[in-house]
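Participant: Structure in structure tokens, see below.
2 protein chains.
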Amino acid sequence: MPITIADVAARAKVSKTTVSRVLNGKGELDESTAARVRAVIDELGYVPSSRAVGLARGRTRVVAMLVPSLTWPWIGEVIQGAVDVLEAERYGLLLYTCNRGDESMRQFGAQVSAKSFDGLLVIEPEGTLDYIANLHRRGLPVVLIDDRDQISGEMPSVGTTNHDGAREAARHLLAVGRTRPLVITGPERFGCTQQRLAGFEAVFDEAGHPIPAERVHQGDFTYACGTQGVTKALESGKDFDAVFAHNDLSAIGAMQALLDSGRRIPQDIAVVGFDDIRNSAHTQPPLTTVHQPLREMGEAAARTLLAHFEGTPLPNRPTVIPTSFVTRASTE
Amino acid sequence: MPITIADVAARAKVSKTTVSRVLNGKGELDESTAARVRAVIDELGYVPSSRAVGLARGRTRVVAMLVPSLTWPWIGEVIQGAVDVLEAERYGLLLYTCNRGDESMRQFGAQVSAKSFDGLLVIEPEGTLDYIANLHRRGLPVVLIDDRDQISGEMPSVGTTNHDGAREAARHLLAVGRTRPLVITGPERFGCTQQRLAGFEAVFDEAGHPIPAERVHQGDFTYACGTQGVTKALESGKDFDAVFAHNDLSAIGAMQALLDSGRRIPQDIAVVGFDDIRNSAHTQPPLTTVHQPLREMGEAAARTLLAHFEGTPLPNRPTVIPTSFVTRASTE
DNA sequence: GTGTGGTATGGGAGCGCTTCCGTTTAGTTA
DNA sequence: TAACTAAACGGAAGCGCTCCCATACCACAC
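Chains R and H supply the protein sequences, listed in that same order. In terms of my numbering, the first sequence opens at residue 725 and continues consecutively. In terms of my numbering, the second sequence opens at residue 725 and continues consecutively.
What follows is the structure in structure tokens.
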């Protein structure tokens, strides 16, 4: 039989109220009784039931995180960042995926209505943004992470400098003498794709080497789109001296296709990725890339949410954590 | 103001009890009243508060998962498997990491005492096994995943065929004519390391090519240990025609060192890994490896736990899901 | 002695459900 | 027609906390 606050109260010869006060450190109470109660708590090994506390207080001290899939290599980093902050603040992290499509979202919605958690962290809510925005409007505290869609402003979010990161990549390529890059993008509808493309193109424009549309291959962040983009470009005889891929996975695919075709990296073609996933340092050759501060983004998102619980209003403009540029052998 | 069961009861002109019966489908009740109640529930969009249900029933419909770190590439797969099963059964998944050492465990222990969840899934509880075993003894349902330690039997667990998987790797290497493999192991204290080593050595023994201790390099599952193992072996002039690494990451490290030294893969040295992480298909050359059924392991563990909640006793012998062997260009 | 103002504590009504006992009603059966 | 039964439903006591609202006590002023 688990022990309850009543057991502690009885043993310490005080009321449950007093025990509760000791537990939560509020209300004025005599130090000697407090000490006595504390002693009993230790003696009995009493820990308040989170269920009961949750009901009584109306808050669960749990935040949910909705992620697209756990098998993308970078997602784990973001979660790790969030979980570190949450655990340190004694919050729990309930994990949901939208792996099973609408059914997932339906069940997730039920959890929201059931008030299973106090707030929500969302990674890249491809296709579910409207739904999330709706929850937000109904009062659920939400922080978006890396919202690749456009609708910033409506909900608080933390993101990174996609535009500037891509600019750096472009400047670097120019610096190592490349003027005719092939670009392999992410899905067109993603905000990050648009930003990365815009930033990259702008630099080449300014340098007097505008990138023609035929050298922009629309990809989808997969390994396959990287190989495909390069293969097609080679087949159609396009002239390019570098590849800028919108994520590392497709950059690795591109490298593979280049090597298969007998090109040397970086002598013939330089390759730059985006993300800096764990593996990028270990490719052959190691991949120059734009490092995304994934962990920091997870941390910032969690901190924003927790601050909101403490009363700080949710910021209405995105928190931006800058990328950094990592030079490796694939470009020099 | 959120609507409660009382609101529904009032609107449907029945008692809370009846609404509860409709909700949970138990007790006898007239189909017409049930329909009426259901209509009101829909109309009001009522969803029972999980907090209140949890308190009243004494169960949270949440299971916790304790993982060492989310940044290891394979952990995500296991979690994904578990989360898929749990979500389908309308359970939530509370994620904890033991990233911050003892402090993490202390807080985790508090959550256990607070009865924040009904059961626990643990991945590779390096160093925390005793603690977990203790919780298990005190009545917390626990299922271990890939317990790399020895203490099987005491707690239910799901694992894979480390021994047989390594045997297959060995047989494959022999089949492609390699008789002098270099082995790069995981940490010695891990059960999986011992099993993989034993299985691998046994096959070479049987084939009349016993592996001398000097060709076994103790590693730690990192990329670095792979490069190091190979580099040292080459420097000390050891004679080997293949590398068997106990995980893919170190295998990739080994490949890197081999290529750097001018060896060709697989012509000069064949390389086999263990895990089949996402990236292994995309290395240069693609890595032959022992595929671990990570996702399936996560699923099986979750299912075992849920079955236990339904009354099925926890199995006292490990659930074993076999590895499969994936042949790629690094060996032929 | 009455009044006033703290300070330390207790009582008990919730929080939103579940569930154990009834109680009511209608439908048998003798 | 009385007695009994089963089906359908309601009352209210929990579950283990929190927190508002007393209440008791004491010190000090008048």
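Cβ coordinates follow ideal geometry from the N, Cα and C atoms, glycine included. None of the values given here were measured: they were computed from a predicted structure.
Answer yes or no: does any C-beta atom of chain H fall closer than 8 Å to that of S793 of chain R?
Facilitator: So, interface residue.
Participant: Which residues, taken in chain order from the segment 773 to 785 of chain H, show a beta carbon closer than 7 Å to some beta carbon of chain R?
Facilitator: Per Cβ criterion, the list reads S773, S774, R775, A776, G778, L779, T784.
Participant: At the level of alpha carbons, what is the spacing between T742 of chain H and L753 of chain H?
Facilitator: Looking at the two C-alpha atoms, the distance is approximately 8 Å.
Participant: With distances taken from CA atoms, which of R:D963, R:G953, R:L1011 is nearest P936 of chain R?
Facilitator: Selected option, being the one with the closest Cα: R:D963.
Participant: Using the three-state DSSP reduction, which class does T1013 of chain H fall into: helix, strand or coil?
Facilitator: In this structure, T1013 of chain H counts as strand in the three-state DSSP scheme.
Participant: How is the alpha helix (DSSP H) around Y855 of chain R delimited, first residue to last?
Facilitator: That run of the alpha helix (DSSP H) goes 853 to 861.
Participant: In whole angstroms, what separates the C-alpha of D808 of chain H from that of N823 of chain R?
Facilitator: Approximately 8 Å between the Cα atoms of the pair.
Participant: With DSSP as the reference, please indicate the residues paired to D999 of chain R in a beta bridge.
Facilitator: Partner(s): R:H1015.
Participant: State buried or exposed for K839 of chain H, treating a residue as buried only when at least 16 other CB atoms are found within 10 Å of its CB.
Facilitator: Buried, because 16 or more other Cβ atoms sit within 10 Å of the Cβ of K839 of chain H.
Participant: State yes or no: is the C-beta of G997 of chain R within less than 8 Å of the C-beta of D944 of chain R?
Facilitator: No; because the gap between Cβ atoms is not below 8 Å, this pair is not in contact.
Participant: Any beta-carbon of chain H closer than 8 Å to the one on L983 of chain R?
Facilitator: With 8 Å as the cut-off, L983 of chain R counts as an interface residue toward chain H.
Participant: Give me the chain H residues within the contact set of L819 of chain R, using Cβ-Cβ distance strictly less than 7 Å, ordered along the chain.
Facilitator: The contacting residues are V807, L817, L819.
Participant: For a quick check, are the C-beta atoms of H896 of chain R and T1051 of chain R less than 8 Å apart?
Facilitator: Contact: yes.
Participant: Apart from the five residues just before and just after F928 of chain H, which ones in its own chain have a Cβ nearer than 8 Å to its Cβ?
Facilitator: Same-chain partners within the cutoff: A894, L898, T903, P905, P934, I935.
Participant: Exposed or buried, D766 of chain H, counting other C-beta atoms within 10 Å across all chains shown (16 or more means buried)?
Facilitator: The residue in question, D766 of chain H, is exposed, as its Cβ has fewer than 16 Cβ neighbours within 10 Å.
Participant: Can you tell me where the beta strand (DSSP E) with G843 of chain H in it begins and where it stops?
Facilitator: Start and end: 843 to 847.
Participant: In this structure, how does DSSP classify A763 of chain R when only helix, strand and coil are distinguished?
Facilitator: Residue state, collapsed to three classes: helix.
Participant: In angstroms with no decimal places, state the Cα-to-Cα distance between E912 of chain H and Q942 of chain H.
Facilitator: Their backbone Cα atoms lie some 7 Å apart in a straight line.
Participant: Alpha carbon to alpha carbon, how far is A780 of chain H from Q918 of chain R? Give it in angstroms, no decimals.
Facilitator: In a straight line, the C-alpha of Q918 of chain R is about 51 Å away from that of A780 of chain H.
Participant: Output needed for V786 of chain H: all residues of its chain with C-beta closer than 6 Å, excluding positions within five of it in sequence on either side, in chain order.
Facilitator: Excluding sequence neighbours, V786 of chain H sits near G816, L818, F841.
Participant: What is the DSSP secondary structure of L794 of chain H, counted as helix, strand or coil?
Facilitator: In this structure, L794 of chain H counts as coil in the three-state DSSP scheme.
Participant: If you draw a straight line from the C-alpha of M1021 of chain R to the C-alpha of H970 of chain R, how long is it?
Facilitator: Roughly 19 Å between the two C-alpha positions.
Participant: Rounded to whole angstroms, what is the Cα-Cα separation between H1032 of chain R and A806 of chain H?
Facilitator: Each residue's Cα considered, the two are about 31 Å apart.
Participant: Could you check if E959 of chain R is buried or exposed, using at least 16 other CB atoms within 10 Å of its CB as the buried criterion?
Facilitator: Result: exposed.
Participant: How many Å lie between R891 of chain H and T795 of chain R at the Cα?
Facilitator: Cα-Cα distance, rounded: 28 Å.
Participant: With distance defined between alpha-carbon atoms, name the residue in H:D870, H:V777, H:R862 nearest to L845 of chain H.
Facilitator: Of the candidates H:D870, H:V777, H:R862, the one whose C-alpha sits nearest the C-alpha of L845 of chain H is H:D870.
Participant: Which residues does DSSP pair with T884 of chain R in a beta bridge?
Facilitator: Bridge partners of T884 of chain R: R:I1045.
Participant: Under a three-way DSSP split, which group does Y820 of chain R fall into?
Facilitator: Y820 of chain R: strand per DSSP, three-state reduction.
Participant: Can you tell me which residues form a DSSP beta bridge with F968 of chain R?
Facilitator: F968 of chain R is bridged to R:V907, R:V996.
Participant: Under 8 Å, do G953 of chain R and I908 of chain R count as touching if we go by C-beta distance?
Facilitator: Yes.
Participant: Beta carbon of L983 of chain H, beta carbon of Y947 of chain H: below 8 Å?
Facilitator: No, they are not a contact pair.
Participant: With I869 of chain R as the anchor, note down where its alpha helix (DSSP H) starts and where it stops.
Facilitator: No alpha helix (DSSP H) holds I869 of chain R; the beta strand (DSSP E) holding it covers 866 to 869.
Participant: Round the Cβ separation of T1047 of chain R and T885 of chain R to the nearest angstrom and send it over; I've been treating them as touching at under 8 Å.
Facilitator: Contact holds; Cβ gap of about 5 Å.
Participant: Is V866 of chain R closer than 8 Å to T1055 of chain R when the C-beta atoms are compared?
Facilitator: Cβ distance not < 8 Å, so T1055 of chain R and V866 of chain R don't count as in contact.
Participant: Select from H:D999, H:D992, H:I847, H:G749 the residue whose C-alpha is nearest the C-alpha of E1023 of chain H.
Facilitator: The residue with the shortest Cα to Cα distance from E1023 of chain H is H:I847.
Participant: Checking contacts by CB at 8 Å: is Q980 of chain R closer than that to chain H?
Facilitator: Q980 of chain R counts as touching chain H.
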